[in-house]
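Scroll down for the structure; my scribbles are underneath it.
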């Protein structure tokens, strides 16, 4: 966490060769593979020593987030636009998610953003649905609606159509908010097809949630 995957791959390359470890980077994960578990464990131990808290060692981001929330007795809700329920799916495919995940809203149309999440209609007209202002209000709205402790929200242009010079395909605003705090919004431009953009947005949102939990 706090270092991009390309830089991490470069830094890890020499160490990986010493253990004959195969490294792959995909969807915000850096996957390490070896047919000997003891060798893989030794490599992971060295990686942890080298990077410490800068790297999150996990096989599933959503499962890690749920565990962190469960350990602190906190609840989560989601408000999704461009990810269309993928965030909720990432959490609910994990057994026991109901102990933490309260639910979510797929606010795909602006009318739902307004009526269910209390997003201001004037802000939607002035800034558009794909904006920091709107995603911040989506976070606030789902916290109020669900009573959760943490909220995640996404709004973007997954493509292949709908992009412009100002808001290109792949642009996604992602928000995370803890009850009582101000929402934190990140602007990302993801490459790839529609499915890839949605997947990257969902994984980034979960990573933002983990960071927020650890910093709270």
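In my numbering, the protein residues as written are 1035 to 1250.
Every residue, glycine too, gets a C-beta built ideally from N, C-alpha and C.
- May I ask which residues mark the beginning and end of the beta strand (DSSP E) holding residue 1142? What you label residue 1142 is simply residue 108 of the chain shown in a count that begins at 1. Per DSSP, residue 1142 belongs to no beta strand (DSSP E) and is neither H nor E.
- Could you tell me whether the Cβ atoms of residue 1173 and residue 1099 are closer together than 9 Å? Locating residue 1173 in the chain shown gives position 139, counting from the first residue. Locating residue 1099 in the chain shown gives position 65, counting from the first residue. No, the Cβ-Cβ distance between residue 1173 and residue 1099 is not below 9 Å.
- Task: Specify whether the stretch 1191 to 1198 and the stretch 1165 to 1180 touch according to this definition: at least 3 beta carbon pairs, one from each stretch, less than 8 Å apart.
- Result: no
- Query: Quick one, are the C-beta atoms of residue 1184 and residue 1121 less than 9 Å apart?
  - Reply: Numbered from its first residue, the chain shown carries residue 1184 at position 150. Numbered from its first residue, the chain shown carries residue 1121 at position 87. It is not a contact, given that the beta carbons lie outside the stated cut-off.
- Mark residue 1214 as exposed unless 16 or more other C-beta atoms lie within 10 angstroms of its C-beta, in which case mark it buried. The residue given as residue 1214 occupies position 180 in the chain shown. Exposed.
- Identity of the residue in 1067, 1203 and 1210 nearest residue 1224 by Cα: In the chain shown, the residue the question calls residue 1224 occupies position 190. For residue 1224, the nearest C-alpha among the options comes from 1203.
- Can you give me the Cβ contacts of residue 1321 inside the same chain, cut-off strictly under 7 Å, excluding the 5 residues immediately before and after it? Any question about residue 1321 goes unanswered here, given that the chain covers just 1035 to 1250.
- Opposite residue 1067 in the DSSP bridges: which residues? Position 33 of the chain shown, counted from the first residue, corresponds to residue 1067. DSSP, once it has assigned bridges, lists 1056 as partnering residue 1067.
- For residue 1058, count neighbouring Cβ atoms within 10 angstroms of its own Cβ and tell me buried if that reaches 16, exposed if not. Against the chain shown, residue 1058 aligns to sequence position 24. Counting Cβ neighbours within 10 Å, residue 1058 comes out exposed, since fewer than 16 surround it.
- Message: Between 1234, 1045 and 1108, which has its C-alpha nearest residue 1222's C-alpha?
- Response: Locating residue 1222 in the chain shown gives position 188, where the first residue counts as 1. Nearest of 1234, 1045 and 1108 to residue 1222, Cα basis: 1234.
- Query: Can you round the beta-carbon distance between residue 1095 and residue 1136 to whole angstroms, since I take them to be within the 8 Å contact cut?
  - Reply: Here residue 1095 corresponds to residue number 61 of the chain shown, with the count starting at 1. Here residue 1136 corresponds to residue number 102 of the chain shown, with the count starting at 1. About 19 Å; that fails the 8 Å criterion.
- Simplified DSSP assignment, three categories, for residue 1109: Sequence index remark: in the chain shown, residue 1109 carries index 75 (1-based). Three-state DSSP puts residue 1109 in coil, outside helix and strand.
- Item | Span of the alpha helix (DSSP H), counted from its first residue to its last, around residue 1236 | Here residue 1236 corresponds to residue number 202 of the chain shown, with the count starting at 1. Segment 1228 to 1249, the alpha helix (DSSP H) holding residue 1236.
- Message: Taking the alpha carbon of residue 1115 as the reference point, which residue from 1050, 1236 and 1092 has its own alpha carbon closest?
- Response: Position 81 of the chain shown, counted from the start, is the residue given in the question as residue 1115. When each option's Cα is compared against that of residue 1115, the closest is 1236.
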